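Asks: Here it is, the structure in full.
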């Protein structure tokens, strides 16, 4: 399995874990889902086991969750500022967690190929969200990642591109 497959599985695992944590209001649940110590409540155990079995997926998923938790306030504020008409708490849980994790991933490496990153996260939003999730997430990610003040690894908002 290649690095791309690992990251795809890790992103999906992180999203399902974040969804579980968001539903329960406890981000420790998200960590437990990634670490295989929790079942994520109603999540499909077989599918989670399949995602966890991809070599390197659990560690990368954990990095995504940790990156979000380290910058939670800043990432959430950034999403709300970019979305203008949508408060974070009014967004669909899948949409909001896709956005959170995508921005967390972008902050881990400020110069990755954002087109690939966006495409992968938009695909996950389309798969797990509503029929409008893909377009909603795509628009917000385009705006946020195009902004030269995007979130950097150090947790600051920088003017560098």
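Residue numbers (my numbering): 1077 to 1237. Glycine included, every Cβ here is placed at the ideal spot set by N, Cα and C. Computed from a predicted model, the values in this text were never measured in an experiment.
If you draw a straight line from the C-alpha of residue 1096 to the C-alpha of residue 1082, how long is it?
Replies: Separation of residue 1096 and residue 1082 (C-alpha to C-alpha, rounded to the nearest whole angstrom) is 21 Å.
Asks: How close, in whole Å, do the beta carbons of residue 1093 and residue 1141 come, if the pair is a contact with beta carbons under 8 Å?
Replies: 6 Å
Asks: Is residue 1210 buried or exposed, if buried means 16 or more other CB atoms sit within 10 Å of its CB?
Replies: buried
Asks: Taking residue 1090 and residue 1164 to be in contact with their CB atoms under 8 Å, please state how far apart those CB atoms are, rounded to whole angstroms.
Replies: So it is not a contact: roughly 18 Å between Cβ atoms.
Asks: Look at the Cβ atom of residue 1168, then the Cβ atom of residue 1132, and state whether they are nearer than 7 Å.
Replies: no
Asks: What is the rounded straight-line gap between the Cα of residue 1216 and the Cα of residue 1143?
Replies: 19 Å
Asks: Just to confirm, is the Cβ distance from residue 1127 to residue 1088 under 7 Å?
Replies: yes
Asks: If you run the structure through DSSP and keep just helix, strand and coil, what is residue 1207?
Replies: coil
Asks: Give me the Cβ distance between residue 1190 and residue 1221, rounded to the nearest whole Å; I'm assuming they're in contact under 8 Å.
Replies: Taking C-beta atoms under 8 Å as the contact rule, residue 1190 and residue 1221 qualify, at a distance of about 5 Å.
Asks: Return the chain-ordered list of same chain residues with a C-beta closer than 8 Å to the C-beta of residue 1130, the five sequence neighbours on each side being excluded.
Replies: 1077, 1081, 1082, 1085 and 1086
Asks: With distances taken Cα to Cα, identify the nearest neighbour of residue 1218 among 1203, 1208, 1207 and 1198.
Replies: 1198
Asks: Spatial neighbours of residue 1202 within its chain, please: C-beta separation below 7 Å, excluding the five flanking residues on both sides.
Replies: 1209 and 1210
Asks: When you compare the CB positions of residue 1174 and residue 1200, do they come within less than 7 Å of one another, or not?
Replies: yes
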